[in-house]
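Taking it in order: structure first as structure tokens, then the write-up.
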Amino acid sequence: MEKHKPVILNLNKPADISSYDVIRQWKPRLKKIGKVGHFGTLDPFASGVLMLGIAGGQRLNEFIHECLPKTYLAHGVLGVTSETGDLTEGVSQRDESESLQTVIAHLESSFIEKTLKEEYLGEYWQSPHKYSAAKHEGKPLHKWAREGIEIKKEKVRREVYELEVIKYEFPNLWIRFTVSSGTYIRTLFSDCANKLGTLGVLEGLIRERVGGCSLENSLEQKNWDQDEIPFLAVDQVLPFSTILFEEKEAKLYQNGVVLNKDRAKEIVMNKLDFPYYWVKNEQLEILGLAEIKDDQIKIKVNFN
């Protein structure tokens, strides 16, 4: 049986279906190619970029999360909040203060953006939302929450790379965030609303980009049945430097042997500051992923 190369598929997930619904829809079609997994769950109410890894590509999940920033367009509502951080289960609390109508309702978009950038650009510490997919003892927090158990996790350092207020029509506020992976936008939007002096909840969320995979180059649902599937090579999605091996060393690598870096035929560096390297043979076939430590090429993923 022919062995398929690891690949990635960039899909545009519509709202109102889960990420696992997408996997279930695609698995029958992709099973002849290899195992399938997705990178980064999108809540059912959210839409946008959902990447699938196939035939070994799914093993790159941690590297997608570690290395590629994500861009979201968040549509939130000020003055209300909910248990889930979105409006799928209704409003749980309202801001009844006078300042909501007399002050916050009349803020300028430019003032909101300046205020939020001063507070949140750069290092940002947050705890996962209790209705998130973050896990405690192997079970997602949202499952604990629906059982009436609230798990509070320690705050984790994240990064907000960009923040842009797109539109403000009180009580609706649209903000585009570019953040490090693992950032919960429902929590970030709530924090932004608190900074403005009120409550806030998400009404809609679009993931516009993960690294170089964007909505513009994603496959829309209406085209999911097309004959030709636009797979992406893994090194196209993760633009790491490259270690080239001659045939003997390539086989040793595939057999799990740790080699000194001077055994490489060539190490081709790119301008991006990633600590990982694609390992390729003389035919430029990707054999796996490695890192270099103490002058040794340490295997991270072996596609053998």
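Numbering (my numbering), first residue to last: 2 to 305. Glycine included, each C-beta is placed from N, C-alpha and C at the ideal position. Quick caveat, the model's predicted, so the values are computed rather than measured.
Self-check item: Proximity winner among F112, L53, Y21 and N282, relative to K249 (alpha-carbon distances)
Solution: The sequence position of residue 249 within the sequence shown is 248, counting from 1. Cα-wise, what sits closest to K249 is N282.
Exercise. List the endpoints of the continuous beta strand (DSSP E) containing Q284.
Key: As a position in the sequence shown, residue 284 is number 283, starting the count at 1. Looking at the DSSP string, Q284 is not in any beta strand (DSSP E), and its letter there is neither H nor E.
Quiz item: In the DSSP assignment, what are the bridge partners of G38?
Solution: Stepping through the sequence shown from its first residue, residue 38 is reached at position 37. Beta-bridge pairing links G38 to G54.
Quiz item: Which two residues bound the contiguous beta strand (DSSP E) that contains N224?
Solution: Start at 1 with the first residue of the sequence shown, and residue 224 comes out as number 223. Here N224 belongs to no beta strand (DSSP E), and DSSP marks it neither H nor E.
Quiz prompt | Bridge-paired residues (DSSP) for L239 | solution = Here residue 239 refers to the residue found at position 238 when the sequence shown is read from its first residue. Note: L239 sits in no beta bridge, so no partner.
Quiz prompt | A251 - DSSP class collapsed to helix/strand/coil | solution = Reading the sequence shown from its first residue, position 250 is the one you call residue 251. Here A251 sits in helix by DSSP.
Self-check item: Simplified DSSP assignment, three categories, for K301
Solution: Here residue 301 refers to the residue found at position 300 of the sequence shown. Strand.
Exercise. Using beta-carbon positions only, say whether K306 and S128 come within less than 8 angstroms of one another.
Key: Within the shown structure, residues of the chain are numbered from 2 to 305, placing residue 306 beyond reach of any answer.
Self-check item: Reference K1, options A194, W175 and T85, closest by Cα
Solution: Nothing in the structure corresponds to residue 1, since the chain is present only between 2 and 305.
Quiz item: Counting along the chain, where does the beta strand (DSSP E) carrying F178 start and finish?
Solution: Counting from 1 along the sequence shown, the entry for residue 178 is found at position 177. Note, F178: beta strand (DSSP E), N173 to V180.
Quiz item: Counting along the chain, where does the alpha helix (DSSP H) carrying R25 start and finish?
Solution: For the purposes of this step, residue 25 is taken as residue 24 along the sequence shown, with counting starting at 1. Unbroken alpha helix (DSSP H) run through R25: S20 to L31.
Exercise. Would you mind sorting T82 into buried or exposed? The rule is 16 or more other CB atoms within 10 Å of its CB.
Key: Translated into the one-based positions of the sequence shown, residue 82 becomes position 81. T82 comes out buried.
Practice problem: Indicate the three-state DSSP secondary structure (helix, strand or coil) for L101 in the structure shown. | Solution: As a position in the sequence shown, residue 101 is number 100, starting the count at 1. In the structure shown, L101 sits in a helix (DSSP, three-state: H, G or I).
Quiz item: Which partner residues does K168 have in the DSSP bridge list?
Solution: In the sequence shown, the residue the question calls residue 168 occupies position 167. Per DSSP, W175.
Self-check item: Euclidean distance between Cα positions of D263 and L288
Solution: As a first step, residue 263 is located in the sequence shown; it is residue number 262 there, counting from the start. As a first step, residue 288 is located in the sequence shown; it is residue number 287 there, counting from the start. The straight-line gap from Cα to Cα measures roughly 18 angstroms.
Quiz prompt | Option in R158, L174, R159 and F178 with minimal Cα separation from E165 | solution = The sequence position of residue 165 within the sequence shown is 164, counting from 1. Nearest option by C-alpha distance: F178.
Self-check item: Inter-residue spacing [alpha-carbon to alpha-carbon] between N224 and K71
Solution: Position 223 of the sequence shown, counted from the start, is the residue given in the question as residue 224. Position 70 of the sequence shown, counted from the start, is the residue given in the question as residue 71. The alpha-carbon atoms of N224 and K71 are separated by roughly 24 angstroms.
Self-check item: Anticipated Cβ contact below 8 angstroms, G123 with V161, distance rounded
Solution: Here residue 123 corresponds to residue number 122 of the sequence shown, with the count starting at 1. Here residue 161 corresponds to residue number 160 of the sequence shown, with the count starting at 1. About 7 angstroms separates the two Cβ atoms, so the contact holds.
Quiz prompt | Beta-carbon contacts of T89 that lie in its chain and below 7 angstroms, excluding the five residues immediately before and after | solution = Residue numbering aside, residue 89 sits at position 88 when the sequence shown is read from its first letter. Answer for T89: F46, listed in chain order.
Exercise. Would you please verify whether the beta carbon of H39 is less than 8 angstroms from any beta carbon of chain C?
Key: Looking at the structure shown, chain C is missing, and only one protein chain is on hand.
Practice problem: Taking 8 angstroms as the cut-off, decide whether the C-beta atoms of L53 and H39 are in contact. | Solution: The residue labelled residue 53 in the question sits at position 52 within the sequence shown. The residue labelled residue 39 in the question sits at position 38 within the sequence shown. For L53 and H39, yes; Cβs fall inside 8 angstroms.
Exercise. Can you tell me which of the three DSSP states E155 falls into?
Key: Here the question's residue 155 lines up with position 154 in the sequence shown. Here E155 sits in coil by DSSP.
Quiz item: Residues bridged to G49 by DSSP?
Solution: Numbered from its first residue, the sequence shown carries residue 49 at position 48. Answer is K14 and R208, bridged to G49.
Quiz prompt | CA-to-CA distance, T188 to Q255, given in whole angstroms | solution = Along the sequence shown, one-based indexing puts residue 255 at 254. Along the sequence shown, one-based indexing puts residue 188 at 187. Rounded to the nearest angstrom, the two C-alpha atoms are 43 angstroms apart.
Exercise. Could you check if N11 is buried or exposed, using at least 16 other CB atoms within 10 Å of its CB as the buried criterion?
Key: Start at 1 with the first residue of the sequence shown, and residue 11 comes out as number 10. Counting Cβ neighbours within 10 Å, N11 comes out buried, since at least 16 surround it.
Practice problem: Quick one: grab the DSSP three-state call for T82. | Solution: Here the question's residue 82 lines up with position 81 in the sequence shown. In the three-state reduction of the DSSP assignment, T82 falls in the strand class.
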